[in-house]
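Numbering (this note's numbering), first residue to last: 492 to 1160.
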């Protein structure tokens, strides 16, 4: 390899990376040699232990080595191509199966020995086959990388092997003194262990360093976000008791003490003369919209107010609600969605969806941005709004609580205002766990509620059932389209509506409106109704395969009911025999306290299990675990030390902070 290459050398200068490969690497964000070295595996497959075919357990990933015999191909009834081969070792024989991989007919030669990685499945009709995930070339712990079309695992691994000598040139992010104190490896060691592990214990050593880097970055972004907001001036909002009362007295309902306290707390933040970054947390049904409506009315005197919602249905619902709440004021309210742009530029209060982001440069003098269900939007989307209007106040609303252990560190850049109570007319929601043998009893209860004119939801995890050939693998799975037929037979005298993410938005919106206005008795849906539906007449919700969902999502779904004065119930159908799932469901049954459930969720989830859980409202972490409080404390200490010295004295940390998108709207100059 040429000596004039460096970590910042473009990948196009690396021998063997032609225009075709370069373009595809750039499509996944890989531009330099450093980018490729830091493109770490997202999981590993262990091919070191060969299992005897006669001893293969069901539903566990294993490696087998045997002689290929009788290779064949056929199609399922639905047209899926199935490649089959008989594999034999000294202990027995098993049918191996691949789906939609015709090219394997050239690779699978009768009489040759091969290693295969996959799972044995309990499908009697197919003679309990071995479903192959991949053909194995070497018995070792193997990294699996995220790839793209045209650049597979073999290409990524080959390039990284060639860059092996450069790993030792990667500079450290965390200073040596802190690494020694916390027993952390250096960066080059961690990268080498990730790309070329020999033992599973190697990965734990590397993960400890990478997790610490991730948490330090997150803590620094929190500090910088607060400082960045303080560089700008913002409209000073008059939140005096007299001004607030002049708005509140016209509301069509009486505010709770919690709502009054929240309004006062937020109005004080908006009176400081610098942009506020506030998170309003309140349980589902606690009245966050009313609080934000009063704050919006206060702010509208100083500039335009913009409300960002994740769905069209929620935006329309908010327009309807705020026009009712603020009917005695002279505030002009307009809707802004892809289908409705009428009058938004002249309105005082604009409520809409992602269309607001696309038209933000047409909105002048924005004083307040309200983001409803904030975890449904990425940091980049909020950043777009604030870059265009850096002097605006930001009020984010969420029904997902921030655990106390994280409020002062990871979310230290936000002023968190809690809304502790619900309106007095709302009753606690009863939560009932049941197994399949009790379904008839539950459906009898639902029948009685339907006969009283009450509405409800049925939630399924899937839209369609798996293909017929695979269905024995998923006997317990519930899908919307198949459940629709069963429910119509079980409840023939009521109207049932269906919504899911593959429906056109207009059709979905029509069904949701019909349900809100009482024209449908049952709404059968995926988790797409997790937010955006406020129907006081909906008194029951049945969640199929509830043990497959996280606590936060279940709590959000449960909050679709209990919004009126009638007693409400949440039915949780159990399908898995798993201690952690059982503990989660029992906790949900015992409390309606979202904060307590969030703390338990952190406790029950292991390292890495929170990754990618967008509905949780927590940062998306790849290596760190938010339940490792000791590591978070250490990260906060290092972040404070770095912040005191200045990021310019720590260029590698500054590079990570600038590159990351883990937190809020920080832009590092």
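No residue lacks a Cβ here, since even glycine has one placed at the ideal position from N, Cα and C.
- Contact check for residue 675 and residue 665: beta-carbon distance about 6 Å, within the 8 Å limit, so the pair qualifies.
- Of the residues 586, 728 and 531, the one whose Cα lies closest to the Cα of residue 682 is 531.
- Between the beta-carbon of residue 555 and that of residue 621 there is about 7 Å, and that keeps the pair under the 8 Å contact cut.
- Residue 862 and residue 994 have their C-alpha atoms some 25 Å from each other.
- Taking the CA atoms as reference points, residue 848 sits about 31 Å from residue 751.
- The beta carbon of residue 1057 sits closer than 6 Å to the beta carbons of 1030 from its chain, once the five residues preceding and following it are set aside; these are given in chain order.
- C-alpha of residue 706 to C-alpha of residue 716: approximately 15 Å in a straight line.
- Here the region 755 to 763 makes no contact with the region 814 to 821; the two share fewer than three CB pairs at distances below 8 Å.
- According to the DSSP secondary-structure assignment, residue 530 is paired through a beta bridge with no residue.
- Minimum Cα-Cα distance from residue 628 among the listed residues 583, 541 and 679 corresponds to 541.
- The three-state reading of DSSP puts residue 969 in coil, since its state is none of H, G, I, E or B.
- Its chain contains 739 and 781 as the residues whose beta carbon lies nearer than 7 Å to that of residue 746, once the 5 sequence neighbours on both sides are disregarded; these appear in chain order.
- Taking 3 residues as the shortest admissible run, the region 578 to 634 contains the following complete beta strand (DSSP E) segments, listed from N- to C-terminal end: 583 to 590, 604 to 611 and 621 to 627.
- When secondary structure is reduced to three states using DSSP, residue 1142 falls in the helix class.
- In the displayed model, residue 778 falls within coil according to three-state DSSP, outside both helix and strand.
- Beta-bridge annotation (DSSP): residue 669 is not paired with any residue.
- The residues 573, in chain order, have a CB closer than 6 Å to that of residue 565 in the same chain once the five nearest residues on each side in sequence are set aside.
- In terms of CA proximity to residue 748, 911 leads the group 656, 1010, 911 and 821.
- A direct Cα-to-Cα measurement between residue 513 and residue 1034 gives close to 46 Å.
- Partner residues in the beta bridge of residue 1032, as assigned by DSSP, are 948 and 1061.
- Taking a cut-off of 8 Å for Cβ pairs, the region 829 to 844 and the region 762 to 780 do not touch, as fewer than three such pairs fall below it.
- Assigned with DSSP and collapsed to three states, residue 692 falls in helix.
- Looking only at 548, 1088, 786 and 625, the smallest Cα-Cα distance to residue 1074 is reached by 1088.
- Taking C-beta separations shorter than 6 Å and ignoring five residues to either side along the sequence, the partners of residue 1138 in its chain run 1145, following chain order.
- For the pair residue 761 and residue 728, the CB atoms are nearer than the 8 Å cut-off.
- In this chain, residue 994 is not harboured by any alpha helix (DSSP H), its DSSP state being neither H nor E.
- When C-beta atoms of the region 787 to 797 are compared with those of the region 852 to 860, three or more pairs fall below 8 Å, so the two segments count as touching.
- Residue 1130: member of the alpha helix (DSSP H) spanning 1120 to 1136, first to last residue.
- Residue 891 is classed as buried because its beta carbon has at least 16 other beta carbons within 10 Å across all chains shown.
- For residue 1038, the three-state secondary structure derived from DSSP is helix.
- With fewer than 16 other Cβ atoms inside 10 Å of its own Cβ, residue 932 counts as exposed.
- In terms of Cβ geometry, residue 1017 and residue 954 form a close pair [threshold 8 Å].
- By the criterion of at least three beta-carbon pairs nearer than 8 Å, the region 799 to 806 is in contact with the region 996 to 1003.
- Only residues of its own chain outside the window of five on either side were considered, and among them 523 have a CB closer than 6 Å to the CB of residue 499, listed in chain order.
- Between residue 1009 and residue 1046 the beta-carbon gap is near 26 Å, outside 8 Å, which marks them as no contact.
- Annotation: the continuous alpha helix (DSSP H) that includes residue 738 extends over 732 to 739.
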